[in-house]
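In this note's numbering, each residue's number is its place in the sequence shown (first place is 1) plus 1403. Read the structure below first, then the notes.
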Amino acid sequence: MHINQFDSAAEARPLSRRLFVAAGAVALGGVFAAAGCVGSPAEAPETALSASDDAAGAEASPALTADTLPKPDPDPESPFGVDKNINMETIDEYLNIPGVAYRDARMLRDPAQYEEIGGHANLEMALEGFRIVPFPLVGTLQELPVSGAYTGERLFDVTWGADGTVAQAVPRFEESRQILEDLFPSDRPVMIMCGAGGYAGMTRQLLIALGWDPDLLYNVGGQWDYTGYHPVQFISYDADGTPHFMFWRADYADIDFDALTPIE
1404 MHINQFDSAA EARPLSRRLF VAAGAVALGG VFAAAGCVGS PAEAPETALS
1454 ASDDAAGAEA SPALTADTLP KPDPDPESPF GVDKNINMET IDEYLNIPGV
1504 AYRDARMLRD PAQYEEIGGH ANLEMALEGF RIVPFPLVGT LQELPVSGAY
1554 TGERLFDVTW GADGTVAQAV PRFEESRQIL EDLFPSDRPV MIMCGAGGYA
1604 GMTRQLLIAL GWDPDLLYNV GGQWDYTGYH PVQFISYDAD GTPHFMFWRA
1654 DYADIDFDAL TPIE
């Protein structure tokens, strides 16, 4: 049995980044908060997602390689620890770099009621080359500023510290560690995005706690800040607001928990 990701079809509404950040800061005391999904940039081209594990469809600067990236530099003013250099304002410059893994930490359909803060539960769009690896299926969520947060199966039970770092991470399955190693390579840079940076920040903190090199992990922020040229649209809407889901476009890492071996 696969995890039910809550078949929601809420009408799209503009998402206020300031509103979400304010709500997250109040609920979490300034540490990471998870983010919902929003619509694509105006007039952004509708493209299909590349199945490539390591490269986006955009042309990257020939001067950039996995070895010449700036080191991760989380912004202390960001409640989610979004990187100062590689973020939604600059990400188009860092796509299609050989040896870099690109990951999106959102669910296709999230039970968290992001509509309460002007957001979306469904994954509206991603960026080319980003593989979908939902953090709620990886580890226990931090407290969210919305109701309905996912509480189903996950690979790790995570206890969060007051500062937003991981105090403890206990695997629930014998395969939990191997899955993370396969999906988040530890020997090369990994760029992680989500809706506003929250799920991405949680993913980064968990990987660091499990031994990944923080100098290889980038929280590149949230899709709702993206105004570039390489989106992948997953949902379109009729004039009356009826959604049409196109999740077959997603490069999605399906975790079948029934196929795993529970740790007693």
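All residues carry an ideal CB built from backbone N, CA and C; glycine is no exception.
- Go to G1625, then tell me how far its beta strand (DSSP E) extends in each direction, as first and last residue. 1620 to 1625
- Message: Assess contact between the segment 1596 to 1606 and the segment 1505 to 1514, defined as three or more Cβ pairs (one per stretch) separated by less than 8 Å. Is contact present?
- Response: yes
- Message: Between which residues of its own chain and D1591 is the CB-CB distance below 6 Å, once the five residues before and five after are set aside?
- Response: According to the sequence provided, residue 1591 is Arg. The question's Asp does not apply to it. If we look at R1591 and ignore the five residues flanking it on each side, its Cβ neighbours are A1469, G1502.
- Message: Judging by CA-CA distance, which residue of L1547, H1633, A1466 is the nearest neighbour of G1600?
- Response: L1547
- Nonlocal neighbours in the same chain, by C-beta distance under 7 Å from P1588, ignoring five residues either side: A1504
- CB-CB under 6 Å to Q1516, same chain, minus the five flanking residues each way: which ones, in chain order? V1549, S1550, G1551
- Message: Going by DSSP, what residue range makes up the alpha helix (DSSP H) through Y1602?
- Response: 1601 to 1612
- Query: Once you ignore the five residues that flank A1458 on each side, which residues in its own chain have a CB closer than 6 Å to its CB?
  - Reply: Residue placement at A1458 cannot be trusted, given a pLDDT of 46 that sits under 50; what the coordinates show is reported in the next sentence. Excluding sequence neighbours, A1458 sits near N1499, G1532.
- Touching or not, the segment 1553 to 1569 and the segment 1529 to 1545, by the rule of three or more beta carbon pairs under 8 Å? yes
- Message: At the level of alpha carbons, what is the spacing between F1650 and P1634?
- Response: 14 Å
- Query: Taking all protein chains shown into account, do 16 or more other C-beta atoms lie within 10 angstroms of the C-beta of Q1626, making it buried, or fewer, making it exposed?
  - Reply: buried
- Query: Rounded C-beta distance between I1489 and Y1621? I'm assuming under 8 Å.
  - Reply: 5 Å
- Message: Quick check: the segment 1567 to 1581 against the segment 1609 to 1624, are at least 3 beta-carbon pairs closer than 8 Å?
- Response: yes
- Excluding sequence positions up to five away, which residues of its chain have a Cβ less than 8 Å from the Cβ of T1664? F1576, E1577, E1578
- Using three-state DSSP, classify Y1629 as helix, strand or coil. coil
- Three-state secondary structure (DSSP) of R1580: helix
- Task: Rank V1593, C1597, P1537 by C-alpha distance to the C-alpha of Y1655 and give the top, closest one.
- Result: P1537
- Mind checking whether V1623 and I1520 have CB atoms under 7 Å apart? no
- By a C-beta neighbour count over all protein chains shown, 10 Å radius and 16 as the cutoff for buried, is P1473 buried or exposed? exposed
- Query: What beta strand (DSSP E) runs, 3 residues minimum, are completely inside the segment 1547 to 1572?
  - Reply: 1559 to 1563
- Task: Between the Cα of S1639 and those of P1477, P1479, L1526, M1491, spot the shortest distance and give me the residue it belongs to.
- Result: L1526
- Could you pull the start and end residues of the beta strand (DSSP E) that M1528 belongs to? 1528 to 1530
- Residue from E1480, E1584, G1522, G1484 whose Cα sits closest to the Cα of M1596: G1484
- Within the 7 Å Cβ cut-off, does A1599 reach chain B? Checking the listed chains, one finds no chain B in this structure; it contains a single protein chain.
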